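S.K.:
In our numbering, the protein residues as written are -4 to 81.
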C-alpha cells in the first residue's frame, strides 16, 4: 500500500498541473492522477539533464573575466576598509 500525503500549491500551480494531467490523459488514452502528472514532470526534468549541462558550461573567456572580477572586488573592499576605518 502506498502512503499518500498532501501538498499545498497555489491555484495557478494547480491549474497548470491539471493541464499537464489532461495532456497526459489525451496522450495515454486513460485517466491520469495528479500524482502521475507530478511524477511525469519530475522524470522529464531528469531526462533533460543533458540540456542543463550544456546550458551551464562556462563561456569562452569566462575564467579570465572571473579573475578580473575577483581582483576588482578585492580592490573595492580594500578601499572601503580604508575609507570606513574609525
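C-beta: ideal position from N, C-alpha, C; glycine also.
Everything numeric in this text was worked out from a predicted model, so none of it was measured.
(1) Report the option in 13, 37, 18 and 72 whose CA atom is closest to the CA atom of residue 29.
(2) Compare the beta carbon distance of residue 36 and residue 15 with 8 Å and say whether it is the shorter of the two.
(3) Suppose you measure from the CA of residue 75 to the CA of residue 68; what does that come to, to the nearest Å?
(4) In angstroms, rounded to a whole number, what distance separates the CA positions of residue 21 and residue 62?
M.R.: By the coordinates alone:
(1) Mapped onto the chain shown, residue 29 falls at position 34. Of 13, 37, 18 and 72, the residue nearest in Cα terms is 13.
(2) Here the question's residue 36 lines up with position 41 in the chain shown. Here the question's residue 15 lines up with position 20 in the chain shown. Closer than 8 Å, so yes.
(3) Translated into the one-based positions of the chain shown, residue 75 becomes position 80. Translated into the one-based positions of the chain shown, residue 68 becomes position 73. Distance between the alpha carbons of residue 75 and residue 68 is about 10 Å.
(4) Sequence index remark: in the chain shown, residue 21 carries index 26 (1-based). Sequence index remark: in the chain shown, residue 62 carries index 67 (1-based). So the two alpha carbons sit approximately 52 Å from each other.
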